[in-house]
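Last residue of the sequence shown? That's 577 in this note's numbering, and every number before it is there in order. Glycine is no exception: its CB is placed at the ideal position from the N, C-alpha and C atoms.
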Amino acid sequence: MTTRHCAGFVGIWVRAAPGSAFLVHRGSHWCLAGLRRHVGQSATHLRSRFRLAAFAMNVSTDGGGLYDERDGEGESGMFEDAREAAVRGVSTAVPLSADANVNRSKVKDKYVSVFKVFVHKTEPSFSSPWQMKRQRSSTGSAFAISGQRLLTNAHVVAYASQVLVRRHGEAKRYIARIIAVAHDSDLALLHVEDPAFWAKGIQPLELKDDAPHLQDSVTVIGYPSGGENLSITAGVVSRVDVWNYAHSGCRMLCIQIDAAINSGNSGGPALNKDLECVGIAFQSRTHADNIGYIVPVPIIKRFLRDIEQFGGDNYQGVVTLGIVYQKMENEQLRKYTGLAAVKEEDLPEGISARGVYVCYVDPLKTDTEYFHPGDVILAMDSMDIDMDGTVKFREMERVDMLYALTEKLMGDEIRVVLLRDREVIERTFKLSKVLTLVPIVQYDVKPRYLIYAGCVFTPLSCDYLRAEYGTKYMEKANTSLLAALLENFREFPDQEIVLMSQVLAHESNVGYEFRKQILQSVNGNPIRNLAHLGKFLDETKDDFISFEFNFGVRACFEKETSDACLPEILKENNISSARFLEET
């Protein structure tokens, strides 16, 4: 298990066991637990390896550095001291030098296109969903692209109440509006409406056509912690791979560089020697020198094409396969499936008798021609898949087969070559997203809830588990909740797990002190989701309400009495509304 920091948030990544043959592509997520974010745990305490590079702080009143509280059972922690962070930022920075092969005067011309971003954000409490946490402040970076737009990271502006931007060398801050967000790709677009902001010769940065190559020079520009002025670090591309994005847990193309990326760099551009933008800084590895990560231009351009086609308010997101697949490195498995017996003449040109084994398919994929359990995927869009689940990326480079989806949009088609029932076939599928039963990560949404007779119902999500159990919820949470997380495909589109998270004590619910119970049915009627529960309670004419949970646990209430006591329960707990079912 490793941890990642994200704009002052710390994230947990639960890896598959060493040597595991199973790879899960579920909602673009590599692992079932996904990458999580968590507020308020110190880097030292969590022994974190990764952090997203946007600086977030709350000045404590006790004079002891920076801190933030978490909802949950006594979980709180200290951010690392600002001075320590500043020292680390200085110690890991690589000064711009002749070795970086960058013309200093030309780089200086790009300063005016990079901005400091100031954000005030207010996050909800998933353990007490009628409440909001206190407002926090954070900073990041952004840069100008075409169309008078500013590109930054989604984690910089997540849950933002206000966004301000400041030009290089100026004191005035301008109000910015968020026009599009892609949390899966950790990207966001801003726009400043004040004409004075654009009246001073801001030149948009040019986006390079493709990902940089190994050993290409890169220069990262931004506003990291440790000072107020612009910072420049330089290095080279050290790795190109498909990797997990800490903000979302999605597995996509990612560029590793050895230029320092520190807290506050998030959203800053990475330029090549021709001063073209090759990516955007978004995360770095702590407890390691000079290892940073940038979102490459192909991911950025896919985001821009998505919002151009569907609109900034209707971003569709990263498409997925909706399958669980397994490597086929074992010769006996290849013999069992018939792969070992496939001859070259049975295959399309350029495709070899190698691939991965399909273990499970999303039940919502109703197309009978779609992947079947037992299929062997040999190729996608003419990319030959090897038995370890990788495809050729460039000369002498291989990456995860999910690279084939890098530039795909919702509704795009993908051509696949399959071995099905020992016969090689070709099929074309339309791509979409997987609706996970338990949301892996959510941003810019308020948690939904319903209170009845003091019982608090809410959809089960990883955000809730993290709020209740901390970042190690995979170790601490109830087994029934984890079982729901592991079986994370929906059986019908609007399915969700409704959880009775707690009981607000009142004389009408004495004896029902249990919590964290999964709701199965009400008065014998299976419950599809939280909205369905609310509709049933509103429309039922039954005298009693009987909630049935796992293992036959039951809570029964007389409807007339429960309806009468609800206002008193809400008043005692200072809750303004008994339910919040949907965003209005």
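By the C-beta criterion, the region 363 to 371 is judged to be in contact with the region 339 to 353, since at least 3 inter-stretch pairs fall below 8 Å. The count of Cβ pairs closer than 8 Å, one atom from the region 483 to 490 and one from the region 419 to 430, reaches three, so the stretches are in contact.
Inclusion of Val349 and Gly315 in the CB contact set at 7 Å is not warranted, their separation being larger than that value. DSSP lists no beta-bridge partner residue for Ala476.
Cβ-Cβ separation between Ser425 and Met403: approximately 6 Å, consistent with a contact (criterion under 8 Å). According to the DSSP assignment, Gly527 belongs to the alpha helix (DSSP H) that extends over Leu523 to Glu532. Annotation for Phe303: the continuous alpha helix (DSSP H) segment containing it runs Val290 to Phe303. With contacts defined by Cβ atoms closer than 7 Å, Pro291 and Gly272 do not form a contacting pair. Secondary structure note for Gln319: its beta strand (DSSP E) is the uninterrupted segment Ile316 to Gln319.
For Phe190, there is no enclosing beta strand (DSSP E); the residue is found in the alpha helix (DSSP H) stretching over Pro188 to Trp191.
As the crow flies, the alpha-carbon of Met389 is around 15 Å from that of Val230.
DSSP lists no beta-bridge partner residue for Arg327. Within the model, the alpha-carbon separation for Ala477 versus Thr533 is close to 28 Å. Around the Cβ of Thr279, a 10 Å sphere holds 16 or more other Cβ atoms; the residue is buried. Counting every other CB atom within 10 Å of its CB across the protein chains shown gives Thr361 a total below 16, marking it as exposed. Residue range Val491 to Val496 is occupied by the beta strand (DSSP E) that includes Leu492. Taking a contact to require three or more Cβ pairs closer than 8 Å, the region 150 to 158 and the region 112 to 124 qualify as touching. Bounds of the alpha helix (DSSP H) holding Ile562 are Lys552 to Glu565. In the DSSP assignment, Arg459 falls within the unbroken alpha helix (DSSP H) covering Cys455 to Tyr462. DSSP places Glu338 in the helix class (H, G or I) of the three-state scheme.
For Ala397 and Gly504, the gap between their C-alpha atoms comes out near 55 Å.
Residue pairing for Val112: DSSP places it in a beta bridge opposite Ser131 and Val156. Closest in C-alpha terms to Glu541, from the list Ser555, Leu526, His240 and Glu553, comes Leu526. Residue state for Leu428 is assigned as coil, using DSSP reduced to three classes. Look at the beta carbons and you see the region 327 to 334 touching the region 408 to 415: at least three pairs across the two are nearer than 8 Å. Within the model, the alpha-carbon separation for Tyr466 versus Cys455 is close to 9 Å.
Apart from the 5 residues on each side of it in sequence, Tyr462 sits with its Cβ closer than 6 Å to the Cβ of Lys469 and Ala470 in its chain, given in chain order.
The alpha-carbon separation between Tyr308 and Ala173 amounts to approximately 7 Å. Straight across, the Cα-Cα distance linking Pro188 with Ala181 is about 21 Å. The residue among Ala571, Ala524 and Asn502 with its C-alpha nearest the C-alpha of Cys549 is Asn502. In the three-state reduction of the DSSP assignment, Glu400 falls in the coil class, being assigned neither a helical nor a strand state. Secondary structure at Val311: coil, using DSSP grouped into helix, strand and coil. For Val150, the closest alpha carbon among the candidates Leu563, Tyr445 and Ala169 is that of Ala169.
In the three-state scheme derived from DSSP, where H, G and I count as helix and E and B as strand, Ser224 is classed as strand.
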